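Notes to accompany the following structure.
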Amino acid sequence: MRLRRLTLQHFRNVAFADLALTGDRHFFVGSNAQGKTNLLEAAGFLFALRSFRTADNRALIAHGQPEAAIACELTHERRGDTRVLIKLRPGGKEVTCDGERVPRLADYLGHFPAVVFSSQDQLLVRGSPGARRRWLDLALAATDATYFSTLQAYHRALAGRNALLKRTASASELLAFEHPLATAAASLTSLRAAGIATLSTHVAETYNRLADSAEPAALTYSPDTAPLDAPAWSALFAKNRPRDLVMKTTLAGPHRDDCELTVSGKPARDFASEGQQRSLALALRLAEVEYLATRTGVQPLLLADDVLGELDPARRRRFWTALGENRQVIATGTTLPDASLGTWQIFNVTTGSFAPS
Ligand SMILES: Nc1ncnc2c1ncn2[C@@H]1O[C@H](COP(=O)(O)OP(=O)(O)OP(=O)(O)O)[C@@H](O)[C@H]1O
1 MRLRRLTLQH
11 FRNVAFADLA
21 LTGDRHFFVG
31 SNAQGKTNLL
41 EAAGFLFALR
51 SFRTADNRAL
61 IAHGQPEAAI
71 ACELTHERRG
81 DTRVLIKLRP
91 GGKEVTCDGE
101 RVPRLADYLG
111 HFPAVVFSSQ
121 DQLLVRGSPG
131 ARRRWLDLAL
141 AATDATYFST
151 LQAYHRALAG
161 RNALLKRTAS
171 ASELLAFEHP
181 LATAAASLTS
191 LRAAGIATLS
201 THVAETYNRL
211 ADSAEPAALT
221 YSPDTAPLDA
231 PAWSALFAKN
241 RPRDLVMKTT
251 LAGPHRDDCE
261 LTVSGKPARD
271 FASEGQQRSL
281 ALALRLAEVE
291 YLATRTGVQP
301 LLLADDVLGE
311 LDPARRRRFW
321 TALGENRQVI
331 ATGTTLPDAS
341 LGTWQIFNVT
351 TGSFAPS
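Quick note, the sequence shown lines up with residues 1 to 357 if you use UniProt numbering.
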C-alpha cells in the first residue's frame, strides 16, 4: 500500500494541508510542538479509525472548529487506487471510501494496515501487562474479524458481570453473563495462543536483525488462567463467584492475560539492558509489520514518530535495514536523518504548516 496524497483540514493545529507524497520515504522535520505528531496521528487515523494517542476524538478537532477532515489517495495491492475521507465531529466520525459511506466500521478495519512506531514503545517491554495486551489485541483484531468480535463479546459480558457483582446480584443473574463470558474466553485464549505463536517467530527474527549480540529474544503467551474450554471456564466463573462478589469485580480471566518477553531466557522487563529493551520494542513493532503483511497480503504503512533520534547510529542503521526495502515510511524528528539512511522526501514543519524542501 502506498499513500500518495494526504489532505487535512482543521485537524489539531493544522488548518489546512494538502501533501503530495512521492517515493517511499518521507521525513517531517521541525522543532517541538509544531505539528509533526499531529500529521502522523492523522495518517494513522485513516487506517485504524482511532488515534494512537487519545481515545477522545474531540481532541483532534482544531480548537473552535465544528469538525475536522482527513482525506487520502492511496494505491492498494488489492483495491487499486482508493480514496478515503474521514470527517470527525464531536458526536462521532463518518468514513467514506471511494465516495461510498462505510456503514460498518468493522468491515473497514484491517484493509489498510499501518503500524506506528513511537518513542513510548519501550512501555511494551517495561510497562504493565495492559500495554502488551493492547498491542496484541490490536495486531490480532486488525487481521481477524472473528478475533475482533470475540474480544467485543468478551468485554461486553465482562462489563455486564462486573456491574452485577457491584450490586451483589444473585447467582442466577450472574449466570446470564457467565455463559457468554465463558464462550468468549475459550475462543479468545485459543486465538491468542495461535496469534502469539506466529508473532513470536517474527519477534525472534526481527530482534536477531536489530540486536548487538546473538542473545535470542522470545515472546510467549502468559495467560492469567491456563487455557480452558467453554464449560471449564463456566465452572471457573461459578467457583469464583463468592470471591468476585466480595471484590466486586471479575478477578480471573483473559482480561488479565499477559505476554512474556525474554532475552536469553530472562524476563526482559527486569534483566534486559536499556539498549536491549529498545531493540525489543522495535522488534515487537516490526513483528507486527510482518504479521500484518503476511496475513493481509498488503504492505503496511510505517509511521515512525521521533524514533530514529532515540537510537544510536549503529542501531539506527540496523533498524533501517530491518524495515525492508519495499515499505513506505513516514517519519518525524527534530533533526534530519543521517545520509546513510538513504534519500527522503523532506517537509519542514512549522506551526501546523508543511513546506517541502
Ligand atoms: N485540537 C487542537 N487544536 C489546535 N491545536 C492543537 C490541538 N491539539 C493539539 N494542538 C497543538 O498541536 C501542537 C502539538 O503538535 P505535535 O504534538 O504534533 O508536536 P510535535 O511537532 O510532534 O512536537 P514534539 O517534537 O514535541 O513531539 C501544540 O502546539 C498543541 O497546542
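Yeah, the Cβ is synthetic: ideal placement off N, Cα and C, and Gly gets one too. In this text the structure is predicted, and so the values were computed from the model without any measurement.
Sequence-distant residues of its chain with Cβ nearer than 7 Å to residue i (five each side left out)
{"i": "L174", "result": "R161, L164 and R241"}
{"i": "V215", "result": "It should be noted that the sequence gives Glu, not Val, for residue 215. Contacts found: V263 and S264."}
{"i": "D244", "result": "L165, T250 and L251"}
{"i": "T296", "result": "G110, P113 and T143"}
{"i": "S340", "result": "R317"}
{"i": "A141", "result": "Y147, F148 and L151"}
{"i": "R2", "result": "L74, T75 and Q328"}
{"i": "N326", "result": "Q299"}
{"i": "L105", "result": "L49 and V95"}
Closest by C-alpha distance to residue i, when choosing among the options
{"i": "P300", "options": "G352, A114 and D107", "result": "A114"}
{"i": "A48", "options": "S31, I70 and A33", "result": "I70"}
{"i": "G352", "options": "G23, G30 and A281", "result": "G30"}
{"i": "A193", "options": "A171, L228, S170 and A217", "result": "L228"}
{"i": "A62", "options": "E77, F52, G35 and E290", "result": "G35"}
{"i": "D98", "options": "G80, L109, D121 and A331", "result": "G80"}
{"i": "T189", "options": "D258, R278, L292 and D305", "result": "D258"}
{"i": "A304", "options": "L323, R295, A293 and A314", "result": "L323"}
{"i": "residue 386", "options": "A171, L181, T146 and Y147", "result": "Given a span of 1 to 357 for the chain in the structure shown, any question on residue 386 remains unanswerable."}
{"i": "L308", "options": "F117, P223, T225 and R132", "result": "F117"}
{"i": "L191", "options": "A314, S149, K248 and T206", "result": "S149"}
{"i": "L284", "options": "L124, G342 and K87", "result": "L124"}
{"i": "D121", "options": "R101, V246, R278 and R209", "result": "R278"}
{"i": "L210", "options": "V95, L39 and P313", "result": "P313"}
{"i": "L232", "options": "E77, E325, E178 and S222", "result": "Reading off the sequence, residue 232 comes out as Ala, not Leu. It is E178."}
{"i": "V203", "options": "S170, E77, T334 and E290", "result": "E290"}
{"i": "W320", "options": "T343, T334, T220 and V298", "result": "T343"}
{"i": "A355", "options": "R4, F11, R315 and A20", "result": "A20"}
{"i": "S128", "options": "L261, R315, A293 and T294", "result": "L261"}
{"i": "T332", "options": "R12, N32 and N13", "result": "N32"}
{"i": "P223", "options": "K248, I196 and S213", "result": "I196"}
{"i": "L219", "options": "E41, F11, A68 and T201", "result": "T201"}
{"i": "R167", "options": "A217, E100 and K248", "result": "K248"}
6 Å Cβ shell around residue i - same chain, five flanking residues per side excluded
{"i": "S357", "result": "I346 and N348"}
{"i": "V84", "result": "L46, C72 and C97"}
{"i": "A17", "result": "L8 and F354"}
{"i": "N57", "result": "L88"}
Neighbourhood of residue i by C-beta, 8 Å cutoff - its chain only, sequence neighbours within 5 removed
{"i": "A15", "result": "Q9, A62 and G352"}
{"i": "R126", "result": "R269 and Q277"}
Ligand 3 heavy atom lying under 7 Å from the CB of residue i
{"i": "G265", "result": "Ligand 3 is absent from the structure shown, which contains only ligand 1."}
**Message:** I need the residues with a C-beta less than 5 Å from some heavy atom of ligand 1; please give them in chain order.
**Reply:** R12, N13, N32, A33, Q34, G35, K36, T37, N38, A62 and H63
**Message:** Quick test of the definition: if touching needs 3 or more C-beta pairs under 8 Å, does the segment 173 to 193 touch the segment 224 to 238?
**Reply:** yes
**Request:** Report yes or no: do the segment 141 to 161 and the segment 249 to 258 share at least 3 C-beta pairs separated by less than 8 Å?
**Result:** yes
**Prompt:** For the segment 78 to 91 against the segment 269 to 277, are there 3 or more C-beta pairs whose distance is under 8 Å?
**Reply:** no
**Message:** Closer than 8 Å is the cut-off here; do at least three beta carbon pairs connect the segment 132 to 145 with the segment 6 to 26?
**Reply:** no
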